[in-house]
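J.: Chains as they are written, first to last, in my numbering: chain X, 195 to 447; chain U, 195 to 447; chain B, 9 to 195; chain L, 9 to 195; chain C, 102 to 454; chain Z, 102 to 454; chain V, 372 to 442; chain R, 372 to 442. Heads up, the beta-carbon is just placed ideally off N, CA and C, and yes, glycines get one too. Source: prediction; values computed, not measured. Next up is a structure, given as structure tokens.
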Ligand SMILES: Cc1ncc(C[n+]2csc(CCOP(=O)(O)OP(=O)(O)O)c2C)c(N)n1
Ligand SMILES: Cc1ncc(C[n+]2csc(CCOP(=O)(O)OP(=O)(O)O)c2C)c(N)n1
Ligand code: SF4
Ligand code: SF4
Ligand code: SF4
Ligand code: SF4
Ligand code: SF4
Ligand code: SF4
Ligand SMILES: [Mg+2]
Ligand SMILES: [Mg+2]
């Protein structure tokens with residue numbers, strides 16, 4: 195009788211995530227993005243030196259999940275808070291985690307200037323084209339025609355303009371060293387997302403400047419879709435308007 | 195004895211400017227830019243339908259000079275105030291007049307979003323690379339190495355980043371219909387400035403969208419230069435970093 | 009007359025609609041009424057609840073710490089709200105998802121309503137909430153089933169008006185179940 | 009001892025420096041002193057002024073509505089501050105730029121100081137402000153010229169220390185002018 | 102005949118505003134007031150009005166400033182942190198005398214705090230959260246019906262005084278669904294010679310708060326102070342079973358409504374307890390409180406905070422009788438029973454019979 | 102020996118901060134406090150510290166929040182409109198218990214107003230200009246020397262209470278140049294176990310103001326309320342010729358200093374007039390005022406506004422003697438003579454001899 | 372044989388793993404967990420490759436794939 | 372003959388018109404106006420073309436150029 199081959203666990207939680215359930219809705223990508231960030235913290239050995247600026251949005255409870263030092267930021271101000279953290283503790287790894295309402299609406303000035311100054315921080319931008327936490331209002335990144343609770347007839351370009359492409363806008367600034375847009379709707383994209391995150395972490399740990407990773411993310415609840423439909427929308431409509439890719443990588447050789 | 199040929203005045207104040215002296219320092223371009231704007235108001239016959247949003251900066255007393263309806267905006271918020279004006283009175287001609295501290299620092303979110311929404315307003319942006327009114331502090335547009343009262347050792351790119359090129363940044367937004375950077379340091383540039391202003395006015399009066407004219411401007415007082423030196427700096431160092439030209443003109447044929 | 013209740017369950021179970029219909033019916037019956045939903049972050053994670061207070065006098069507080077009744081449509085709700093109900097109160101339990109012993113309560117009366125089964129019986133499992141509402145009205149006695157049925161056209165979005173007869177059927181099924189139970193107990 | 013003055017002129021005339029040197033000298037002489045500049049938008053348009061108060065007692069208000077003296081270096085300043093000076097006060101007028109009849113004042117004493125001419129005489133027209141300060145100190149009597157001269161090294165940026173002897177010369181020239189005038193009047 | 106509907110407090114505000122002729126709304130989402138922008142986004146396009154979701158609360162108060170400068174009726178709404186961000190703009194509105202209605206469905210603070218009902222923004226609302234020596238009228242509804250009615254009033258007052266008017270509620274007031282009678286608004290068209298409409302047949306005119314010339318700002322501030330004084334005639338309050346009350350409870354908004362039940366409970370026990378509920382919290386019903394202080398044996402203030410309105414009550418009572426206080430920071434809503442118990446403590450402490 | 106220098110009030114603040122170990126400054130220019138960022142921009146690089154000009158006041162208060170969260174001593178400064186914009190951030194600092202020093206060299210409002218000395222921000226500073234039921238310690242210096250000394254104190258208090266501390270001045274206090282004795286700061290190194298320094302040898306820790314669980318926010322608010330109560334021991338005030346005063350003047354900051362001369366003038370005329378000058382305006386020197394109200398025949402409050410601190414004085418005096426008020430909105434600075442005259446009016450009105 | 376353990380109390384029944392599995396090894400079940408979610412079940416009929424795609428794409432980290440150890 | 376009138380009370384002596392004039396017709400004077408500025412003076416020795424560059428570039432609109440009317 196041949197010995198049963200030993201089974202090895204090929205996936206586990208990153209250790210910089212606490213072992214607690216998320217409060218996120220079924221199928222929400224926030225949880226997945228958290229994990230990817232935590233994996234890099236582990237990979238770079240940064241759990242003991244990370245300082246995070248949480249933001250206000252569905253991910254406001256970030257600090258219940260990440261086992262690192264975290265400060266709550268007022269809505270939209272995470273990039274300014276992170277600037278304070280990094281200036282005071284330049285040897286720390288500092289990141290923000292912000293939604294599209296947080297970063298692209300109320301926090302526009304803070305993100306533009308943090309990028310322009312070339313703050314040595316890493317910004318995780320979760321673009322789900324909607325204000326999730328507050329119940330599904332229009333965001334600056336809401337697609338044209340998309341129905342939300344404050345665009346009940348669909349977003350109108352004439353009234354509200356077209357969605358802002360943040361990655362592209364920030365890439366025009368001299369201070370932005372790395373900027374990429376990724377998605378986690380399938381394994382291929384997930385791998386690219388991991389690579390982009392890794393690169394962003396590299397930028398900060400090497401002191402190369404401001405790094406920015408935009409995640410296209412789903413919000414089944416407020417999109418009024420099943421998780422599968424929402425997941426599919428990320429790769430289709432969203433990625434159509436917000437093309438995936440690396441927008442800036444000043445140290446690319 | 196031949197009759198002396200009659201002399202005709204070949205230059206006069208625009209009528210939408212009140213006949214009062216400016217409070218500006220000798221050689222300051224603000225006064226000149228005021229006049230160019232007023233000339234277009236006259237040329238387009240808009241004195242009776244113009245609503246302006248004044249801003250906070252050396253030009254805060256705009257309403258003492260322009261003979262049109264004007265509301266004071268809190269520092270940086272002129273683009274939001276103008277949005278309110280235009281939405282409430284869509285048939286009016288609405289413009290803002292903002293300095294680089296006002297528009298490119300504290301007012302970043304407001305200008306980005308007004309542009310992105312494609313508000314049908316005209317923004318006059320006076321970039322003199324310094325906070326004039328408050329006594330010469332560093333602005334987001336202050337050139338690298340430039341000494342100001344808050345960059346006494348010269349602006350450091352490592353600490354403060356490089357100057358923001360607003361015209362370029364706003365041009366990436368879908369809502370920006372017209373954007374140009376001009377100067378008034380010599381007759382040639384003055385003519386181009388007039389043409390750009392005219393085009394911006396055309397955009398608004400035809401309802402074509404958001405129009406933006408950035409003026410490189412001098413601040414002899416805070417640059418600690420004579421008016422001539424300051425005037426020369428506009429055309430040299432400033433225009434080197436902030437290239438003049440039309441950046442966007444979506445209706446150009 | 010005074011009645012209050014907390015109605016709780018998963019987001020998809022239509023608990024807010026139950027509260028709304030009840031409140032609407034109370035208004036039409038000339039009562040004072042308040043309806044109070046949970047809102048904000050508390051909505052994440054898929055649970056929902058609302059509180060309805062019906063009275064002859066103006067309603068002071070729309071939120072109740074010790075309710076006269078609770079309507080619990082799933083287990084987490086039963087665990088959370090069961091213990092809060094007054095001693096003399098009633099708990100209406102969705103017997104299709106909750107089992108005996110899965111929650112505690114001081115309440116004298118616990119009505120086990122097999123909502124999904126009753127709804128299936130009348131041909132539409134999705135009407136489980138209306139079945140429960142019928143049971144609550146019958147058991148609570150603050151309104152008549154007819155008053156609630158009459159309120160449906162006002163409370164429901166016109167898009168759903170064609171569903172009114174089915175809803176009325178569900179209300180009645182729930183009411184009937186309670187009556188039968190009572191009769192059984194008495195008998 | 010109590011003395012106050014408003015010193016006013018064009019931005020380029022060094023009026024703020026005059027005030028600073030005076031305040032610095034007062035501090036070193038062990039007096040209580042305040043110096044208050046104008047600031048903000050009022051600075052546009054090229055005029056400047058400051059107020060210095062010197063006293064044996066703590067100074068309550070650093071801003072004076074009816075000053076004991078005013079030092080006016082140009083015509084707009086004379087027009088603005090001349091009328092504010094107390095009846096018993098003194099106005100020090102820059103006679104190089106201001107003519108008789110160009111401003112009004114109630115002040116008993118008006119000293120016309122040809123600052124630029126006196127400064128030219130000692131070889132540097134740009135020291136007109138120090139000439140005037142010498143005149144003010146001599147005329148006001150709140151400090152000695154020596155006290156002011158001694159304060160220069162502290163009040164001036166080290167870059168300008170090599171200019172101290174010239175400054176002292178200017179102070180003295182101004183003081184001498186006042187003494188001579190007084191002597192002339194008496195005589 | 103007035104239509105009776107079952108609507109949320111927030112919807113009542115939106116509907117009241119629209120009934121009062123408000124056609125411009127600028128806002129930014131925040132719980133627990135989202136039904137206001139959501140209602141507006143649905144209704145405005147149909148009415149030819151403007152709903153605009155701004156990029157922030159700072160932007161929205163300034164859009165309001167711009168639109169209101171043209172003489173239009175304009176509203177914005179938010180909740181505590183967002184209202185803090187609007188303070189600079191509110192101060193400008195007051196300084197430039199531009200009317201506007203600002204709704205604060207306040208949350209529990211400080212900071213992000215929570216979304217529980219709370220009355221922690223009383224000071225901010227009544228004592229110039231913004232800089233400078235200005236005041237805003239502040240209306241504190243306690244039912245959905247009052248939300249509707251007072252919103253209409255808010256627009257009238259804003260224009261009458263050329264001043265920002267605040268509506269101060271909380272999650273209870275905004276989220277509650279109650280029957281509301283939809284009365285119709287009797288329009289009083291007002292002349293607005295100050296409005297910016299274009300320099301047609303006149304010189305350009307200006308709305309501003311900057312006054313540089315000597316004494317100008319002093320005059321401006323005196324004028325404003327006089328105006329604020331003149332607002333005192335707008336005082337509104339409600340009394341409930343106040344006749345012969347030995348202990349008079351004083352509370353506004355959500356606590357004010359809960360206390361009615363407490364008063365009933367206490368009256369049933371034979372205790373002569375009444376309620377004075379300020380409806381305008383600025384201007385504060387000083388005279389009514391003063392009178393109550395003279396007639397009752399004790400006043401008792403109850404608030405969802407650790408003591409804010411109690412200062413106004415003490416200032417108004419002028420030591421005519423003792424003023425007790427029960428404060429309860431946000432986090433849970435007190436029941437009528439609990440509050441009745443607290444009242445009884447004071448009843449006994451003050452030896453009332 | 103302490104060095105004596107002639108410096109501006111604003112510079113005194115910057116120098117006091119640096120002496121107290123402040124190495125992080127975030128600000129945005131605004132008159133009349135620009136000498137603070139300007140001094141910092143000059144000094145910080147030499148000290149290995151950080152001066153950062155933020156894109157706005159909103160950004161700067163949040164940079165302060167971030168840097169202070171690591172346990173560093175951090176300062177920001179601004180003036181009225183900028184302080185209004187910081188209110189949300191201040192509320193977050195209070196809620197998350199993060200220390201920080203915020204200077205308000207206030208301007209005259211409302212709105213843009215002007216840059217005249219003014220005391221229109223008293224309410225905003227002492228009564229939570231931001232949302233929620235929190236308090237900040239507020240120090241009100243009246244001389245350049247006090248600017249220096251109180252700034253050092255501000256850092257200590259901020260850390261002691263894990264709370265934002267405000268320094269409230271105006272153009273007079275910021276722009277005046279006076280001799281200042283540069284005392285040296287005796288460092289009291291403090292343990293800051295709450296500071297974010299990286300999860301080394303411990304789990305991650307959190308600084309936050311959001312409390313969602315039932316009752317958690319109530320507890321948090323009670324804890325804060327207790328803390329505010331405990332701050333009362335920090336009360337500081339100065340009396341001037343107060344012995345036997347029949348009329349006690351009460352004023353803070355710039356008016357406080359001007360009134361000293363007025364008191365001298367009145368005393369010379371043989372009038373028993375004294376001055377009580379609150380140095381901390383929150384906590385307010387209630388007991389001192391109460392005692393003055395008992396000992397004097399009348400109190401008189403003078404402010405550069407139309408009536409703010411007078412409420413605190415009345416609340417403290419508890420009707421023990423009449424409280425009169427002279428207010429003067431910004432626009433011109435009152436002279437000692439003018440104020441002495443106003444005091445004489447009250448002297449006569451109250452029949453004092 | 373490779374296999375996947377489902378931590379049923381963590382599963383929210385979103386179905387994203389079902390989509391992710393190239394071998395169709397996962398399916399939403401009929402049992403509800405305490406949170407009220409019908410959690411996913413693993414069909415261990417031998418098709419699982421241990422590729423971990425399912426776990427990688429599960430937002431809630433409810434899956435633990437195992438694979439034979441290479442020796 | 373083309374010429375330029377200087378509104379001396381409006382001139383701030385900045386010298387930008389001096390720079391602008393292709394014919395060197397303008398120069399800063401030695402007289403001060405009431406504001407204390409040494410205002411510019413026009414040298415009418417016949418070189419002025421009435422091109423108005425000076426007026427166009429004067430920030431303070433202190434210049435009024437005149438030109439023969441074409442008939
Ligand atoms: C100053 C302020 N304004 C508004 C809010 C309310 N608010 C909370 S989260 C949020 C937006 C959330 O959207 P987003 O940033 O896209 O995050 P998501 O929930 O979609 O992940 C808003 C507007 C707030 N907390 N503070
Ligand atoms: C909220 C606020 N912050 C700061 C100020 C002070 N302030 C007035 S003008 C100004 C900047 C002026 O610079 P800019 O916009 O470039 O105009 P300029 O004077 O250079 O023409 C600042 C910071 C203010 N009035 N309000
Ligand atoms: S509301 Fe949307 S973003 Fe928020 S947790 Fe649910 S799915 Fe995710
Ligand atoms: S300070 Fe500069 S921008 Fe302001 S008026 Fe003077 S020169 Fe012009
Ligand atoms: S490990 Fe791969 S094959 Fe196995 S269940 Fe998961 S996705 Fe399917
Ligand atoms: S992806 Fe995760 S949460 Fe979703 S069904 Fe699969 S195991 Fe459950
Ligand atoms: S009009 Fe032309 S030529 Fe004549 S002075 Fe002016 S710039 Fe010179
Ligand atoms: S450009 Fe105008 S202000 Fe300047 S010197 Fe010439 S005329 Fe005078
Ligand atoms: Mg979002
Ligand atoms: Mg500028």
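#1: For a test of the three-state rule: what should DSSP assign to residue 404/R, helix, strand or coil?
#2: Do you know how far the Cα of residue 156/C is from the Cα of residue 391/V?
#3: Say whether the region 351-367 of chain Z touches the region 396-415 of chain Z, bearing in mind that this needs 3 or more beta-carbon pairs closer than 8 angstroms, one atom from each stretch.
#4: Hey, does residue 301/C have any beta-carbon neighbour from chain U nearer than 7 angstroms?
#5: Got a sec: is the Cβ-Cβ distance from residue 161/Z to anything in chain C below 7 angstroms?
#6: So, are the CB atoms of residue 416/U and residue 288/U less than 7 angstroms apart?
#7: Can you round the beta-carbon distance between residue 347/X and residue 146/C to whole angstroms, since I take them to be within the 8 angstroms contact cut?
#8: Beta-carbon separation of residue 378/Z and residue 357/Z under 7 angstroms?
#9: Can you check whether the C-beta of residue 177/Z is within less than 7 angstroms of a C-beta belonging to chain A?
#10: What three-state label does DSSP hand residue 269/Z in the structure shown?
#11: So with Cβ pairs under 7 angstroms, would you call residue 342/X a contact of chain U?
#12: If the cut is a Cβ gap below 7 angstroms, which residues of chain Z does residue 229/C touch?
#13: Along chain Z, which residues have their Cβ under 8 angstroms away from the Cβ of residue 250/U?
#14: Is residue 131/C near ligand 1 - that is, is its Cβ less than 6 angstroms away from at least one heavy atom of it?
#15: Would you check if there are 3 or more beta carbon pairs closer than 8 angstroms linking the region 209-227 of chain U to the region 429-438 of chain R?
#16: Chain X partners of residue 410/V, CB-CB under 8 angstroms?
#17: For the beta strand (DSSP E) that contains residue 424/C, what are its first and last residues?
T.: Taking the coordinates as given:
#1: In the eighth chain, counting from the first residue as 1, residue 404/R sits at position 33. Of the three classes helix, strand and coil, the one that applies to residue 404/R here is coil, per DSSP.
#2: Start at 1 with the first residue of the seventh chain, and residue 391/V comes out as number 20. Start at 1 with the first residue of the fifth chain, and residue 156/C comes out as number 55. Rounded to the nearest angstrom, the two C-alpha atoms are 37 angstroms apart.
#3: yes
#4: Working through the fifth chain from its first residue, we reach residue 301/C at position 200. Chain U, which has a Cβ nearer than 7 angstroms to the Cβ of residue 301/C, makes this yes.
#5: Taking the first residue of the sixth chain as 1, we reach residue 161/Z at position 60. No, residue 161/Z does not count as interfacial toward chain C.
#6: If you number the second chain from 1, residue 416/U lands on position 222. If you number the second chain from 1, residue 288/U lands on position 94. Result no, Cβ atoms of residue 416/U and residue 288/U do not sit closer than 7 angstroms.
#7: For the purposes of this step, residue 347/X is taken as residue 153 along the first chain, with counting starting at 1. For the purposes of this step, residue 146/C is taken as residue 45 along the fifth chain, with counting starting at 1. Confirmed, about 6 angstroms.
#8: Locating residue 378/Z in the sixth chain gives position 277, counting from the first residue. Locating residue 357/Z in the sixth chain gives position 256, counting from the first residue. The answer is yes: Cβ separation under 7 angstroms.
#9: The structure shown has no chain A; the protein chains it does contain are X, U, B, L, C, Z, V and R.
#10: What you label residue 269/Z is simply residue 168 of the sixth chain in a count that begins at 1. Three-state result, residue 269/Z: strand.
#11: Start at 1 with the first residue of the first chain, and residue 342/X comes out as number 148. False, the Cβ-Cβ gap to chain U never drops below 7 angstroms.
#12: As a working note, residue 229/C is residue 128 in the fifth chain. Correct list: 224 and 225.
#13: Here residue 250/U is taken as the residue at index 56 of the second chain, counted from 1. Neighbours of residue 250/U on chain Z, chain order: 213.
#14: Taking the first residue of the fifth chain as 1, we reach residue 131/C at position 30. At least one heavy atom of ligand 1 is nearer than 6 angstroms to the Cβ of residue 131/C, so yes.
#15: yes
#16: Start at 1 with the first residue of the seventh chain, and residue 410/V comes out as number 39. The contacting residues do not exist; residue 410/V stays about 10 angstroms from chain X at best.
#17: Locating residue 424/C in the fifth chain gives position 323, where the first residue counts as 1. Segment 424-428, the beta strand (DSSP E) holding residue 424/C.
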